[in-house]
Amino acid sequence: MKIIEANGARIPAIGLGTYKLNGSQCVDMVERAIGAGYRHIDTARMYGNEREVGEGIRASGIARGDLFVTTKIWWEDIGSDKLFRTAEDALAALDVGPVDLLLIHWPNADVPLEQSIAALNQVKDRGLTHHIGVANFPSRMLEQAAAASASPLVCNQVEYHPRLSQEEVLRSCERLGMALIAYSPIGQGKDLLTDPDVVEIAERLGRTPAQVVLRWEIEQPNVGAIPRTSNPDRLAENLSVFDFELTESDRATLREMSRNRRRLVDPSFAPHWDER
Ligand SMILES: NC(=O)c1ccc[n+]([C@@H]2O[C@H](COP(=O)([O-])OP(=O)(O)OC[C@H]3O[C@@H](n4cnc5c(N)ncnc54)[C@H](OP(=O)(O)O)[C@@H]3O)[C@@H](O)[C@H]2O)c1
Numbered sequence: 076m077k078i079i080e081a082n083g084a085r086i087p088a089i090g091l092g093t094y095k096l097n098g099s100q101c102v103d104m105v106e107r108a109i110g111a112g113y114r115h116i117d118t119a120r121m122y123g124n125e126r127e128v129g130e131g132i133r134a135s136g137i138a139r140g141d142l143f144v145t146t147k148i149w150w151e152d153i154g155s156d157k158l159f160r161t162a163e164d165a166l167a168a169l170d171v172g173p174v175d176l177l178l179i180h181w182p183n184a185d186v187p188l189e190q191s192i193a194a195l196n197q198v199k200d201r202g203l204t205h206h207i208g209v210a211n212f213p214s215r216m217l218e219q220a221a222a223a224s225a226s227p228l229v230c231n232q233v234e235y236h237p238r239l240s241q242e243e244v245l246r247s248c249e250r251l252g253m254a255l256i257a258y259s260p261i262g263q264g265k266d267l268l269t270d271p272d273v274v275e276i277a278e279r280l281g282r283t284p285a286q287v288v289l290r291w292e293i294e295q296p297n298v299g300a301i302p303r304t305s306n307p308d309r310l311a312e313n314l315s316v317f318d319f320e321l322t323e324s325d326r327a328t329l330r331e332m333s334r335n336r337r338r339l340v341d342p343s344f345a346p347h348w349d350e351r
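Mapped onto our numbering, the consecutive letters of the sequence shown carry residue numbers 76 to 351.
Following this line, the structure appears as structure tokens:
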């Protein structure tokens with residue numbers, strides 16, 4: 076497993092996304108994922124499944140120190156009065172001790188950045204999380220957030236796959252020593268996986284389209300990915316991306332594809348995104 080070293084954090088490059096995993100299926104998938112070798116689990120307050128994620132972690136029997144757990148605080152709860160209390164609620168639901176990484180899930184245009192970043196730092200200073208970071212921050216906002224943060228931010232979790240270049244965010248993350256963690260990394264399992272270029276590479280390398288796309292992501296320095304599956308058979312598939320390589324021309328093909336940007340996650344409260 077590739078480990079991303081980012082401002083003191085050691086983040087396993089592949090993690091299990093858990094959005095839309097709920098109830099006993101969530102408990103089961105988290106337990107199975109850890110059994111299959113996953114060492115990074117991604118949840119969020121908004122997913123409403125932290126309790127089940129925690130239950131799956133405990134059921135797996137893994138030593139807590141061997142697992143990297145991320146949760147996120149919803150953008151409506153990142154004001155200085157709310158962020159800390161919401162983080163306490165998240166930890167109570169997970170019940171696995173402090174998390175490894177706590178993120179602001181989305182920026183909030185009505186809350187001054189310095190305020191939410193100060194509240195995020197307070198959560199770390201009081202021992203609720205080992206590391207802090209953000210999600211869905213465009214590059215300029217990321218630079219401002221990093222400058223305002225007493226403790227280093229270790230990651231920006233953003234949508235990233237071969238249909239959405241993130242040149243600006245990648246450059247900022249690199250400059251700031253941060254990881255870029257790709258969400259919707261296989262394009263939500265939609266037409267990216269039947270794209271003729273992706274299928275051609277997959278067939279030639281004897282891999283699946285999802286593996287090709289994930290490999291392209293994690294081959295980039297400081298990039299990780301958190302594919303989500305509700306299908307136990309796909310857990311191993313999505314993790315088995317460390318024993319093959321793309322060719323230089325495959326990388327160029329996928330990079331070129333990503334210039335033609337098609338964003339999948341773009342809610343009304345999203346910030347003004349980077350152009351490239
Ligand atoms: N920070 C944020 O704002 C944010 C936003 C979105 C997502 N996220 C995080 O990122 C995670 C992943 O993103 P996502 O769930 O949007 O999309 P994704 O991981 O790109 O795709 C998930 C979809 O792909 C299918 N799939 C999984 N493995 C596959 C494979 N090997 N071959 C073919 N299809 C496959 C899944 O179906 P099956 O279940 O049937 O396998 C599911 O429908 C989320 O779960 C969440 O943890 C964060």
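All residues carry an ideal CB built from backbone N, CA and C; glycine is no exception.
Opposing strand residues paired with residue i [DSSP bridges]
i	result
Lys199	BP columns for Lys199 are empty, so no partner.
Asn231	Val209 and Leu255
Ala225	Per DSSP, none; premise fails for Ala225.
Ala84	Ala81
CB of residue i within 8 Å of CB of residue j, strictly
i	j	result
Leu352	Arg351	One cannot answer for residue 352 here, as it falls past the ends of the chain, which runs 76 to 351.
Trp181	Pro237	no
Leu314	Ile89	yes
Val198	Phe159	yes
Leu267	Ile261	yes
Leu96	Ser305	yes
Boundaries of the alpha helix (DSSP H) in which residue i is found, first to last residue
i	result
Ile89	Careful: Ile89 lies outside any alpha helix (DSSP H) and carries neither H nor E.
Leu289	Pro284 to Ile293
Pro271	Pro271 to Leu280
beta-carbon residue i near ligand 1 non-hydrogen atom, thresh 7 Å
i	result
Lys77	no
Ile153	no
Asn297	no
Arg120	no
His180	yes
Pro302	yes
Leu268	yes
Ile86	no
Asn97	no
Run of the beta strand (DSSP E) containing residue i, from where it starts to where it stops
i	result
Ala81	Ile78 to Ala81
Val174	Val174 to Ile179
is_contact[residue i, chain B] using C-beta, thresh 8 Å
i	result
Glu218	The structure shown contains no chain B; it holds only a single protein chain.
task = Run through the stretch 298-348 for me and flag every whole alpha helix (DSSP H) of 4 or more residues, listed as ranges in chain order.
result = 307-314 and 323-333
ask   = Mind pulling the alpha helix (DSSP H) runs of 4 or more residues that sit fully within the stretch 108-169?
value = 125-135 and 158-169
request  = List in chain order: all unbroken beta strand (DSSP E) runs of 3+ residues lying wholly within the stretch 233-262.
outcome  = 254-258
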